[in-house]
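K.L.:
Below is a structure I'd like to ask you about.
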Amino acid sequence: MAATTYELLKLHITPEKFYVEACDDGADDVLIIDRVSTEVTLSVKKDIPPSAVTRPIFGILGTIHLVAGNYLIVITKKIKIGEFFNHVIWKATDFDILSYKKTMLHLTDIQLQDNKTFLAMINHVLNVDGYYFSTTYDLTHTLQRLSNTSPEFQEMSLLERADQRFVWNGHLLRELSAQPEVHRFALPVLHGFITMHSCSVNGKYFDWILISRRSCFRAGVRYYVRGIDSEGHAANFVETEQIVHYNGSKASFVQTRGSIPVFWSQRPNLKYKPRPQINKVANHMDGFQRHFDSQVIIYGKQIIINLVNQKGSEKPLEQAFATMVSSLANGMIRYVAFDFHKECKHMRWDRLNILLDRVAEMQDELSYFLVDSTGKVVTNQEGVFRSNCMDCLDRTNVIQSLLARRSLQAQLQRLGVLHVGQKLEEQDEFEKIYKNAWADNANACAKQYAGTGALKTDFTRTGKRTQLGLFKDGWNSLVRYYKNNFSDGFRQDAIDLFLGNYSVDELESHSPLSVPRDLKFLALPIIMVVAFSMCIICLLMAGDTWTETLAYVLFWGVASVGTFFIILYNGKDFVDAPRLVQKEKID
Numbered sequence: 001m002a003a004t005t006y007e008l009l010k011l012h013i014t015p016e017k018f019y020v021e022a023c024d025d026g027a028d029d030v031l032i033i034d035r036v037s038t039e040v041t042l043s044v045k046k047d048i049p050p051s052a053v054t055r056p057i058f059g060i061l062g063t064i065h066l067v068a069g070n071y072l073i074v075i076t077k078k079i080k081i082g083e084f085f086n087h088v089i090w091k092a093t094d095f096d097i098l099s100y101k102k103t104m105l106h107l108t109d110i111q112l113q114d115n116k117t118f119l120a121m122i123n124h125v126l127n128v129d130g131y132y133f134s135t136t137y138d139l140t141h142t143l144q145r146l147s148n149t150s151p152e153f154q155e156m157s158l159l160e161r162a163d164q165r166f167v168w169n170g171h172l173l174r175e176l177s178a179q180p181e182v183h184r185f186a187l188p189v190l191h192g193f194i195t196m197h198s199c200s201v202n203g204k205y206f207d208w209i210l211i212s213r214r215s216c217f218r219a220g221v222r223y224y225v226r227g228i229d230s231e232g233h234a235a236n237f238v239e240t241e242q243i244v245h246y247n248g249s250k251a252s253f254v255q256t257r258g259s260i261p262v263f264w265s266q267r268p269n270l271k272y273k274p275r276p277q278i279n280k281v282a283n284h285m286d287g288f289q290r291h292f293d294s295q296v297i298i299y300g301k302q303i304i305i306n307l308v309n310q311k312g313s314e315k316p317l318e319q320a321f322a323t324m325v326s327s328l329a330n331g332m333i334r335y336v337a338f339d340f341h342k343e344c345k346h347m348r349w350d351r352l353n354i355l356l357d358r359v360a361e362m363q364d365e366l367s368y369f370l371v372d373s374t375g376k377v378v379t380n381q382e383g384v385f386r387s388n389c390m391d392c393l394d395r396t397n398v399i400q401s402l403l404a405r406r407s408l409q410a411q412l413q414r415l416g417v418l419h420v421g422q423k424l425e426e427q428d429e430f431e432k433i434y435k436n437a438w439a440d441n442a443n444a445c446a447k448q449y450a451g452t453g454a455l456k457t458d459f460t461r462t463g464k465r466t467q468l469g470l471f472k473d474g475w476n477s478l479v480r481y482y483k484n485n486f487s488d489g490f491r492q493d494a495i496d497l498f499l500g501n502y503s504v505d506e507l508e509s510h511s512p513l514s515v516p517r518d519l520k521f522l523a524l525p526i527i528m529v530v531a532f533s534m535c536i537i538c539l540l541m542a543g544d545t546w547t548e549t550l551a552y553v554l555f556w557g558v559a560s561v562g563t564f565f566i567i568l569y570n571g572k573d574f575v576d577a578p579r580l581v582q583k584e585k586i587d
């Protein structure tokens with residue numbers, strides 16, 4: 001079968017070459033990478049020199065060019081997630097980055113530092129949890145897409161046939177992808193979340209699977225990547241598929257999430273919630289139409305569920321989205337606005353049923369994908385719910401989990417797992433599995449985009465809002481605030497480097513990493529800390545007269561508070577901003 005990659009690999013290293021040996025039964029192929037010329041060739045096992053240093057690896061993630069030259073990135077540890085229709089699914093948990101060069105003596109001190117920073121960026125991306133792969137199954141496509149393919153598609157390599165939106169190492173594999181003869185060494189890797197569970201209801205056993213596929217187009221971190229780009233790619237776009245496998249029959253329900261598809265930004269500026277800015281000169285309809293044209297082609301009908309606030313700073317975005325849908329006047333697209341925070345305030349989460357009731361008929365029209373044990377397609381899913389809030393994380397995940405449960409209820413009844421009139425919510429053991437899996441999915445998506453676990457997961461796990469959940473949300477919000485303001489520039493640069501949005505040029509006369517900080521960036525925080533410290537010292541070392549002490553306290557107190565407000569007023573100058581990415585990508 002052509003659509004497989006090698007599973008068992010050994011890496012043999014010599015000073016001149018890397019030899020990647022295929023150890024699957026009957027395999028004699030060896031991938032040779034010349035560490036000097038960077039040439040990639042296919043050979044056989046007898047060409048491996050006995051002097052080579054050997055180690056097992058579990059896949060080639062790809063290659064990347066940094067200041068010191070090329071690097072080979074390999075998977076060194078993996079864990080088994082489960083089996084998917086007799087195909088094993090793995091999560092990559094550790095990687096190694098190997099330099100082609102044997103020495104760094106050819107680099108200047110500045111180049112050495114830049115190379116170290118670039119390596120730290122690559123390691124940062126690799127340390128974010130959620131890289132999945134299979135050597136025998138195409139994880140990038142939904143069941144419905146895979147059911148509607150040609151014999152030629154089935155014969156393609158996993159890399160050729162993969163949905164490029166979800167191949168996170170596509171840029172790293174560009175050299176291997178150019179040579180079809182080595183494609184069995186090229187392993188497409190998905191970023192997102194996968195969980196699999198063997199479940200039982202009414203004594204009937206079935207497999208329940210949840211897959212979230214993060215798009216690598218317009219990828220990035222929370223406040224630096226919003227809206228859409230000129231190609232219509234939405235920020236934080238995730239395709240989530242829920243699958244049931246029972247007695248040979250397979251059913252799936254697909255949903256998508258993605259940033260509000262107009263040109264807008266929300267750059268961090270030390271404020272807790274920076275005000276969103278809608279671009280006043282961009283051609284919003286062009287990007288909006290490109291986005292939904294592609295969505296309709298891929299998924300069919302689009303039921304938009306916009307969960308943002310309909311007042312305050314989020315209101316203009318809700319209005320813009322509604323206006324664009326109305327102006328496009330496409331019968332395949334329907335728009336539903338639901339002010340999540342207003343409707344569910346005072347812990348009234350039962351009011352989410354208002355939304356579910358509003359879209360119930362639409363969901364029945366969309367249906368779900370079902371194929372029986374003979375391979376015959378019984379029903380197709382005619383479209384998707386496209387949900388969003390501001391981040392497409394917390395509110396979005398809650399709604400997606402409720403829509404997915406409603407679809408699962410219908411699927412299990414049709415498959416004969418649930419009796420007529422029986423409710424899925426009444427199956428305590430399965431409900432626990434279901435809720436925890438969707439909460440884990442929320443955490444995975446949130447960590448990958450916002451840097452922390454998701455908010456509101458207490459509701460997803462338990463079906464109700466709790467005081468402990470509110471406390472955890474407060475803590476996660478504080479961590480998000482810190483990361484968004486003081487470390488997300490580095491995170492954004494790391495993602496852009498990894499995905500190929502920025503390419504390193506060692507001949508570049510001026511390194512983007514060496515951009516000096518404005519003097520006030522360093523001076524004002526120091527002045528604020530010193531002034532505040534002096535204020536405290538004056539209080540602790542009060543003199544003979546309180547008048548004198550009060551004068552000193554007032555002086556240093558005014559100095560510290562004044563400096564604080566100067567910093568806040570110039571907030572955008574104090575945040576950690578990206579240095580590699582082109583400005584138009586993040587504005």
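Residues in the sequence shown are numbered consecutively from 1, following the UniProt record's numbering. Glycine included, each C-beta is placed from N, C-alpha and C at the ideal position.
Return the CA-CA distance between Arg214 and Lys102, expressed in angstroms with no decimal places.
P.N.:
The residue you call residue 214 lines up with position 214 of the sequence shown. The residue you call residue 102 lines up with position 102 of the sequence shown. Roughly 36 Å separates the two Cα atoms.
K.L.:
Can you look up Arg214 in the DSSP assignment and give me helix, strand or coil?
P.N.:
As a working note, residue 214 is residue 214 in the sequence shown. DSSP places Arg214 in strand when its eight states are reduced to three.
K.L.:
Which two residues bound the contiguous alpha helix (DSSP H) that contains Lys342?
P.N.:
Against the sequence shown, residue 342 aligns to sequence position 342. Counting along the chain, the alpha helix (DSSP H) containing Lys342 begins and ends at 340-343.
K.L.:
Do you know offhand how far Met50's Cα is from Val74's?
P.N.:
Position 50 of the sequence shown, counting from 1, holds the residue named residue 50. Position 74 of the sequence shown, counting from 1, holds the residue named residue 74. The question names Met, but residue 50 is Pro in the sequence shown. Cα-Cα distance, rounded: 22 Å.
K.L.:
Report, in whole angstroms, the separation of the C-beta atoms of Leu126 and Phe133, which I expect to be a contact under 8 Å.
P.N.:
By 1-based counting over the sequence shown, the position of residue 126 is 126. By 1-based counting over the sequence shown, the position of residue 133 is 133. That belief does not hold up - the Cβ atoms of Leu126 and Phe133 are roughly 14 Å apart, past 8 Å.
K.L.:
Using DSSP's beta-bridge definition, name the partner residues of Asn70.
P.N.:
Position 70 of the sequence shown, counting from 1, holds the residue named residue 70. DSSP lists His65 as partners of Asn70.
K.L.:
Going by DSSP, what residue range makes up the beta strand (DSSP E) through Arg334?
P.N.:
One-based indexing of the sequence shown puts residue 334 at position 334. Where Arg334 is concerned, the enclosing beta strand (DSSP E) stretches over 333-337.
K.L.:
Looking only at its own chain, which residues have a Cβ that is under 8 Å from the Cβ of Tyr6, when we skip the five neighbours before and after it?
P.N.:
Here residue 6 refers to the residue found at position 6 of the sequence shown. The residues are Ala22, Cys23, Asp24, Ala27, Asp29, Thr135, Arg184, Phe185.
K.L.:
How is the beta strand (DSSP E) around Lys250 delimited, first residue to last?
P.N.:
Working through the sequence shown from its first residue, we reach residue 250 at position 250. That run of the beta strand (DSSP E) goes 249-257.
K.L.:
With a Cβ-Cβ cutoff of 8 Å, do Val377 and Leu176 count as a contact?
P.N.:
Translated into the one-based positions of the sequence shown, residue 377 becomes position 377. Translated into the one-based positions of the sequence shown, residue 176 becomes position 176. For Val377 and Leu176, no; Cβs fall outside 8 Å.
K.L.:
Start and end of the alpha helix (DSSP H) containing Tyr449?
P.N.:
Walking along the sequence shown from the start, residue 449 turns up at place 449. First-last of the alpha helix (DSSP H) with Tyr449: 428-449.
K.L.:
Can the beta-carbon of Gly59 be found closer than 8 Å to that of Tyr100?
P.N.:
Here residue 59 refers to the residue found at position 59 of the sequence shown. Here residue 100 refers to the residue found at position 100 of the sequence shown. Against a cut-off of 8 Å, the Cβ pair of Tyr100 and Gly59 comes out as no contact.
K.L.:
Among Leu9, Val44, Thr4, Thr54, which one has its Cα closest to the Cα of Pro15?
P.N.:
Here residue 15 refers to the residue found at position 15 when the sequence shown is read from its first residue. Taking only the C-alpha atoms, the option nearest Pro15 is Thr54.
K.L.:
Flag this pair as yes or no: are the beta carbons of Ala577 and Gly451 separated by less than 8 Å?
P.N.:
Translated into the one-based positions of the sequence shown, residue 577 becomes position 577. Translated into the one-based positions of the sequence shown, residue 451 becomes position 451. No, the pair does not count as a contact, with Cβ atoms beyond the cut-off.
K.L.:
So, is Asn353 buried or exposed, given that buried needs 16 or more other C-beta atoms within 10 angstroms?
P.N.:
To locate residue 353, count along the sequence shown from 1; it is residue 353. Result: exposed.
K.L.:
Please report the distance separating the alpha-carbon of Ser94 from that of Leu119.
P.N.:
Counting from one through the sequence shown, the residue named residue 94 turns up at place 94. Counting from one through the sequence shown, the residue named residue 119 turns up at place 119. The displayed chain sequence assigns Asp, not Ser, to residue 94. Those two C-alpha atoms are separated by around 15 Å.
K.L.:
Helix, strand or coil: which one does DSSP assign to Leu418?
P.N.:
Locating residue 418 in the sequence shown gives position 418, counting from the first residue. In the structure shown, Leu418 sits in coil (DSSP, three-state: anything other than H, G, I, E or B).
K.L.:
In this structure, does DSSP put Val20 in helix, strand or coil?
P.N.:
Within the sequence shown, residue 20 is the residue found at index 20, counting from 1. Strand.
K.L.:
Does Glu155 come out as helix, strand or coil in the three-state DSSP assignment?
P.N.:
Residue numbering aside, residue 155 sits at position 155 when the sequence shown is read from its first letter. Reduced to three states, the DSSP call for Glu155 is helix.
K.L.:
Helix, strand or coil for Lys315, going by three-state DSSP, please let me know.
P.N.:
Mapped onto the sequence shown, residue 315 falls at position 315. Helix at Lys315.
K.L.:
Is DSSP giving Ala92 helix, strand or coil here?
P.N.:
Against the sequence shown, residue 92 aligns to sequence position 92. It is a strand residue.
K.L.:
Compute the beta-carbon to beta-carbon distance between Leu107 and Val167, rounded to the nearest angstrom, for a pair I have assumed lies under 8 Å.
P.N.:
Position 107 of the sequence shown, counted from the first residue, corresponds to residue 107. Position 167 of the sequence shown, counted from the first residue, corresponds to residue 167. That belief does not hold up - the Cβ atoms of Leu107 and Val167 are roughly 32 Å apart, past 8 Å.
K.L.:
Report yes or no: do three or more beta-carbon pairs, one from the segment 199-214 and one from the segment 412-419, lie closer than 8 Å?
P.N.:
They touch, by the three-pair rule.
K.L.:
Taking all protein chains shown into account, decide if Thr457 is buried (16 or more other Cβ within 10 angstroms of its Cβ) or exposed.
P.N.:
What you label residue 457 is simply residue 457 of the sequence shown in a count that begins at 1. Thr457 is buried by the Cβ-count criterion.
K.L.:
From this set, Leu8, Met390, Ala442, Val221, which residue's C-alpha is nearest His124's C-alpha?
P.N.:
The sequence position of residue 124 within the sequence shown is 124, counting from 1. That would be Val221, whose Cα lies nearest to the Cα of His124.
K.L.:
Which one or two residues does DSSP pair with Val377 in a beta bridge?
P.N.:
In the sequence shown, the residue the question calls residue 377 occupies position 377. Paired residue(s): Val371.
K.L.:
Would you call the segment 299-318 and the segment 251-268 in contact, with 3 or more CB pairs under 8 Å?
P.N.:
These segments touch.
K.L.:
Per the contact definition of three or more C-beta pairs closer than 8 Å, is the segment 221-234 in contact with the segment 365-383?
P.N.:
The segment 365-383, when compared against the segment 221-234, does not touch it at the 8 Å Cβ threshold.
K.L.:
Any contact between the segment 206-213 and the segment 223-230? By contact I mean 3 or more CB pairs, one from each, below 8 Å.
P.N.:
Contact fails: fewer than three Cβ-Cβ distances are below 8 Å.
K.L.:
According to DSSP, is Met121 part of a helix, a strand, or is it coil?
P.N.:
Stepping through the sequence shown from its first residue, residue 121 is reached at position 121. In the structure shown, Met121 sits in a helix (DSSP, three-state: H, G or I).
K.L.:
Between Cys216 and Asn485, what straight-line distance do the alpha-carbon atoms span, to the nearest angstrom?
P.N.:
Against the sequence shown, residue 216 aligns to sequence position 216. Against the sequence shown, residue 485 aligns to sequence position 485. The straight-line gap from Cα to Cα measures roughly 23 Å.
K.L.:
Which word fits Thr63, buried or exposed, when buried means at least 16 other C-beta atoms lie within 10 angstroms of its C-beta?
P.N.:
The residue labelled residue 63 in the question sits at position 63 within the sequence shown. The residue in question, Thr63, is buried, as its Cβ has 16 or more Cβ neighbours within 10 Å.
K.L.:
How big is the Cα-Cα spacing for Ala52 and Asp96?
P.N.:
For the purposes of this step, residue 52 is identified with residue 52 of the sequence shown, where counting begins at 1. For the purposes of this step, residue 96 is identified with residue 96 of the sequence shown, where counting begins at 1. If you take the alpha carbons of Ala52 and Asp96, they lie about 18 Å apart.
K.L.:
Around the C-beta of Tyr131, are 16 or more other C-beta atoms found within 10 angstroms, so that it is buried, or is it exposed?
P.N.:
Along the sequence shown, read from residue 1 onward, the residue named residue 131 stands at position 131. Tyr131 comes out buried.
K.L.:
Alpha carbons only, please: which of Phe385, Leu146, Lys301, Ile13 is nearest the one belonging to Gly331?
P.N.:
Within the sequence shown, residue 331 is the residue found at index 331, counting from 1. Comparing Cα-Cα distances from Gly331 to each of Phe385, Leu146, Lys301, Ile13, the minimum goes to Lys301.
K.L.:
Should Ala360 go down as buried or exposed, given a rule of 16 or more other Cβ atoms within 10 Å for buried?
P.N.:
Taking the sequence shown and counting its residues from 1, one reaches residue 360 at position 360. Result: exposed.
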